[in-house]
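Novice:
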Amino acid sequence: MTASPTEDELQAGFDATIGRNDRIEPRDWMPEGYRKTLVRQIAQHAHSEIIGMQPEGNWITRAPSLRRKAVLLAKVQDEAGHGLYLYSACETLGTSRGELTEKLIAGAQKYSSIFNYPTLSFADVGTIGWLVDGAAICNQVPLCRTSFGPYGRAMIRICKEESFHQRQGYELLMTMMRGTDAQRAMVQESVDRFWWPALMMFGPPDADSPNTAQSMAWGIKRNTNDDLRQRFVDMTVPQADALGVTLPDPDLRWNEERGAHDFGQPDWDEFLQVVKGNGPCNAQRLAHRRRAHEDGAWVREAAMAFARKSREQEASA
Ligand SMILES: [Fe+2]
Ligand SMILES: [Fe+2]
Numbered sequence: 001m002t003a004s005p006t007e008d009e010l011q012a013g014f015d016a017t018i019g020r021n022d023r024i025e026p027r028d029w030m031p032e033g034y035r036k037t038l039v040r041q042i043a044q045h046a047h048s049e050i051i052g053m054q055p056e057g058n059w060i061t062r063a064p065s066l067r068r069k070a071v072l073l074a075k076v077q078d079e080a081g082h083g084l085y086l087y088s089a090c091e092t093l094g095t096s097r098g099e100l101t102e103k104l105i106a107g108a109q110k111y112s113s114i115f116n117y118p119t120l121s122f123a124d125v126g127t128i129g130w131l132v133d134g135a136a137i138c139n140q141v142p143l144c145r146t147s148f149g150p151y152g153r154a155m156i157r158i159c160k161e162e163s164f165h166q167r168q169g170y171e172l173l174m175t176m177m178r179g180t181d182a183q184r185a186m187v188q189e190s191v192d193r194f195w196w197p198a199l200m201m202f203g204p205p206d207a208d209s210p211n212t213a214q215s216m217a218w219g220i221k222r223n224t225n226d227d228l229r230q231r232f233v234d235m236t237v238p239q240a241d242a243l244g245v246t247l248p249d250p251d252l253r254w255n256e257e258r259g260a261h262d263f264g265q266p267d268w269d270e271f272l273q274v275v276k277g278n279g280p281c282n283a284q285r286l287a288h289r290r291r292a293h294e295d296g297a298w299v300r301e302a303a304m305a306f307a308r309k310s311r312e313q314e315a316s317a
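Position 248 of the sequence shown, counted from 1, bears residue number 248 in UniProt numbering, the numbering being contiguous throughout.
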């Protein structure tokens, strides 16, 4: 009989896997902190996909043409699919989708702060695709190499769809910018509202992000918040120029020495308020999600009853 490995041996095996940049799979031993961090991060990510359907869903019935409606419907449905991949990835860590949903609607788990801002004009559909999905891509491409297998594999599928989302947003804005003065003004006003909240999507500055170092050591995160924010700004500035919109930051300029853009800081007090639940739409988003969950109770009950009945029939056959 072989003795079962000690905690130290298990930890050493885990460390070696991380050190080789190999993936940890659901049945592998993992430290409790690693599991908890992943559940928190993947759940937050899944909730963001699902809550993120609301601000854009707001415009489906008012899309200006059949083509725009079809594109928007497809995009919002993709986000539902992203949520499901991610809830499934989280379930491999021993927590159920039902449990995660209960935590979300009780306000015990977070989702991205960006979805607590309202969508006031149809240009917002374009701006969200361009800036919000664009920021999501910056965040998510490195996560395709994250150390937990199911999370990384979900991200690969999600990233392919996110680039379609970004393009449809940019194409919509480009069409509006070629339109009337009123349409151009609508785009600029929308970009003015979404620019700073988009920068907040990368999370607080590195100095105020105490969990980053551990998450990077575990290979969960591959870049710091500030690195990703810089990457996003550098990617977006030439796109804004091509579009003909002004980014609302007087400190934004190219820094020859750094080979990168300097830019101003978002209002971090506003960010904290939104994260705490005091953003413009927090209450509305959660109330809507709660209502949808309650309205869907009969579907869950019917599915459970059907499964029970099928089992009973099989057992008696
Ligand atoms: Fe998504
Ligand atoms: Fe998306």
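Backbone N, C-alpha and C fix where the C-beta goes; we use that ideal spot for every residue, glycine too.
1) How would the residue list near ligand 2 read, in chain order, if you kept each one whose beta-carbon is closer than 5 Å to any heavy atom?
2) In this structure, does DSSP put W59 in helix, strand or coil?
3) Please say whether Q183 and M176 have beta carbons closer to each other than 7 Å?
4) Can you give the Cα-Cα distance for W59 and V39, rounded to whole angstroms?
5) For A217, count neighbouring Cβ atoms within 10 angstroms of its own Cβ and tell me buried if that reaches 16, exposed if not.
6) How about G169 and G129: do their beta carbons lie closer than 7 Å?
7) Nearer than 6 Å: is that true of the beta carbon of H82 relative to any heavy atom of ligand 1?
8) Can you list, in chain order, the residues of its chain whose CB lies under 8 Å from that of N225, leaving out five sequence neighbours each side?
9) Straight-line CA distance for G52 to E79?
10) M265: buried (16+ other C-beta within 10 angstroms of its C-beta) or exposed?
11) Is the beta carbon of L84 less than 7 Å from the beta carbon of H47?
12) So, using beta-carbon positions, are L173 and M155 closer together than 7 Å?
13) Return helix, strand or coil for N21, following the three-state DSSP convention.
14) Any heavy atom of ligand 1 closer than 6 Å to the beta-carbon of E312?
15) Thinking C-alpha only, which one of R308, A108, Q284 and Q140 is nearest P118?
16) Write down the C-beta distance between F232 and G134 rounded to the nearest angstrom, noting that I regard them as a contact closer than 8 Å.
17) Between C90 and E256, what straight-line distance do the alpha-carbon atoms span, to the nearest angstrom?
18) Taking its Cβ as the centre, do 16 or more other Cβ atoms sit within 10 Å of R299, making it buried, or is it exposed?
19) With DSSP as the reference, label R253 as helix, strand or coil.
20) Compute every distance between the C-beta of E49 and the non-hydrogen atoms of ligand 1, then say whether any falls below 6 Å.
21) What residue range does the alpha helix (DSSP H) around D234 cover?
22) If you scan the stretch 80–107 from start to end, which runs of the alpha helix (DSSP H) of 4 or more residues do you find wholly inside it?
Specialist: In terms of the structure at hand:
1) Residues with their Cβ less than 5 Å from any non-hydrogen atom of ligand 2, running along the chain, are D133, E162 and H165.
2) Counting from 1 along the sequence shown, the entry for residue 59 is found at position 59. In this structure, W59 counts as coil in the three-state DSSP scheme.
3) Taking the sequence shown and counting its residues from 1, the one referred to as residue 176 is at position 176. Taking the sequence shown and counting its residues from 1, the one referred to as residue 183 is at position 183. In this structure, M176 sits near Q183, with a CB-CB distance shorter than 7 Å.
4) As a working note, residue 59 is residue 59 in the sequence shown. As a working note, residue 39 is residue 39 in the sequence shown. Cα to Cα, W59 sits roughly 32 Å from V39.
5) Locating residue 217 in the sequence shown gives position 217, counting from the first residue. Exposed, because fewer than 16 other Cβ atoms sit within 10 Å of the Cβ of A217.
6) The sequence position of residue 169 within the sequence shown is 169, counting from 1. The sequence position of residue 129 within the sequence shown is 129, counting from 1. Against a cut-off of 7 Å, the Cβ pair of G129 and G169 comes out as a contact.
7) Here residue 82 corresponds to residue number 82 of the sequence shown, with the count starting at 1. Under cutoff, so the answer is yes.
8) To locate residue 225, count along the sequence shown from 1; it is residue 225. Same-chain partners within the cutoff: F202, G203, P204, P205, D206, S209 and T212.
9) Residue mapping note: residue 52 aligns to position 52 of the sequence shown, counting from 1. Residue mapping note: residue 79 aligns to position 79 of the sequence shown, counting from 1. The straight-line gap from Cα to Cα measures roughly 7 Å.
10) Working through the sequence shown from its first residue, we reach residue 265 at position 265. Sequence inspection shows Gln at residue 265; the Met mentioned does not correspond to that position. Here Q265 is exposed. Its C-beta has fewer than 16 other C-beta atoms within 10 Å.
11) Position 84 of the sequence shown, counted from the first residue, corresponds to residue 84. Position 47 of the sequence shown, counted from the first residue, corresponds to residue 47. For the pair L84 and H47, the CB atoms are not nearer than the 7 Å cut-off.
12) Position 173 of the sequence shown, counted from the first residue, corresponds to residue 173. Position 155 of the sequence shown, counted from the first residue, corresponds to residue 155. Their beta carbons are not under 7 Å apart, which means L173 does not touch M155 by this criterion.
13) Translated into positions along the sequence shown, residue 21 becomes position 21. Here N21 sits in coil by DSSP.
14) For the purposes of this step, residue 312 is taken as residue 312 along the sequence shown, with counting starting at 1. No, ligand 1 has no heavy atom inside 6 Å of this Cβ.
15) Here the question's residue 118 lines up with position 118 in the sequence shown. It is Q284.
16) Start at 1 with the first residue of the sequence shown, and residue 232 comes out as number 232. Start at 1 with the first residue of the sequence shown, and residue 134 comes out as number 134. Between G134 and F232 the Cβ distance is about 7 Å, and since that is below 8 Å, they are a contact.
17) Position 90 of the sequence shown, counted from the start, is the residue given in the question as residue 90. Position 256 of the sequence shown, counted from the start, is the residue given in the question as residue 256. Going by C-alpha positions, C90 is about 43 Å away from E256.
18) Taking the sequence shown and counting its residues from 1, the one referred to as residue 299 is at position 299. Per the sequence shown, residue 299 should be read as Val rather than Arg. Classification for V299: exposed.
19) On the sequence shown, position 253 is the one that residue 253 refers to. In the three-state reduction of the DSSP assignment, R253 falls in the strand class.
20) Reading the sequence shown from its first residue, position 49 is the one you call residue 49. The beta carbon of E49 sits closer than 6 Å to at least one heavy atom of ligand 1.
21) Looking up residue 234 in the sequence shown gives position 234. Its alpha helix (DSSP H) spans residues N225 to L243.
22) Along the length of the stretch 80–107, whole alpha helix (DSSP H) runs at least 4 residues long occupy 97–105, reported in chain order.
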